[in-house]
Amino acid sequence: MYQALLETQIGCAIGIEDESFLTTVTLAFSRMMFDFDRERKGQHIIVVDGDDTVWRYDEKIHNICTRLGIDPSWVVDHGWEPVSDEEFERPGLRMQMARGLLKGFQQTTGVKRPGGERQVVDLDVEQVKWSEKYGEAVAKQLRRRVDDEMADWEYLVQFKI
Numbered sequence: 030m031y032q033a034l035l036e037t038q039i040g041c042a043i044g045i046e047d048e049s050f051l052t053t054v055t056l057a058f059s060r061m062m063f064d065f066d067r068e069r070k071g072q073h074i075i076v077v078d079g080d081d082t083v084w085r086y087d088e089k090i091h092n093i094c095t096r097l098g099i100d101p102s103w104v105v106d107h108g109w110e111p112v113s114d115e116e117f118e119r120p121g122l123r124m125q126m127a128r129g130l131l132k133g134f135q136q137t138t139g140v141k142r143p144g145g146e147r148q149v150v151d152l153d154v155e156q157v158k159w160s161e162k163y164g165e166a167v168a169k170q171l172r173r174r175v176d177d178e179m180a181d182w183e184y185l186v187q188f189k190i
């Protein structure tokens with residue numbers, strides 16, 4: 030997320046302690062919305078784990094589609110069309126911001142599993158990578174951000190479908 034936000038900053042640097050960064054990456058708002066919705070009767074927000082969607086695609090797509098009332102075979106069989114370069118490069122601040130976040134999805138036609146086995150994330154290893162890419166100070170702040178968000182993530186992930 031930090032890298033994507035860096036790419037959206039149209040000529041200016043983003044500070045890892047900027048309120049806009051903290052607001053963008055926090056799970057606190059997602060948790061508040063989830064809890065608010067759980068207290069109501071009727072339809073509920075669903076929690077989807079992105080890694081599960083990649084590594085257990087058929088099962089997860091079936092679960093998601095069933096919950097949403099969509100025929101799973103349509104989703105599995107159809108995928109989607111990639112976004113054209115012309116559409117992706119459309120002018121406007123909103124699109125400039127979205128470009129950094131959506132860059133990797135532009136040419137996709139469906140969910141693709143990476144090669145190899147599913148890896149367990151080791152935050153110490155990730156911090157070393159962040160340090161090499163962004164510098165030691167940013168790496169420490171990113172690690173603190175992840176650690177601070179972990180309670181909300183663990184809370185939400187217990188409800189994943």
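Take 30 as the starting number for the sequence shown in this note's numbering and just add one per residue. Even for Gly, the Cβ is constructed at its ideal location relative to N, Cα and C.
contact_flag[the stretch 49–67, the stretch 84–91] where n(CB pairs < 8 angstroms) is 3 or more: no
If we ignore side chains and look at the alpha-carbon of each, how far apart do threonine 95 and threonine 137 end up? Note on geometry: alpha-carbon atoms of threonine 95 and threonine 137 lie some 24 angstroms from one another.
Assign lysine 189 to one of three DSSP states: helix, strand, or coil. strand
Could you tell me which residues DSSP pairs with valine 83 in its beta bridges? The partner list for valine 83 (beta bridge, DSSP) is empty, contrary to what the question assumes.
The stretch 47–60 contacting the stretch 151–168, beta-carbon criterion three pairs below 8 angstroms: no
Can we count valine 186 as close to the ligand PLP, meaning its CB is less than 7 angstroms from some heavy atom? The ligand PLP is not part of this structure, which contains no ligands at all.
Based on the DSSP secondary-structure assignment, which residues constitute the bridge partners of valine 76? Lys189
Under 8 angstroms between the Cβ atoms of valine 76 and valine 175? no
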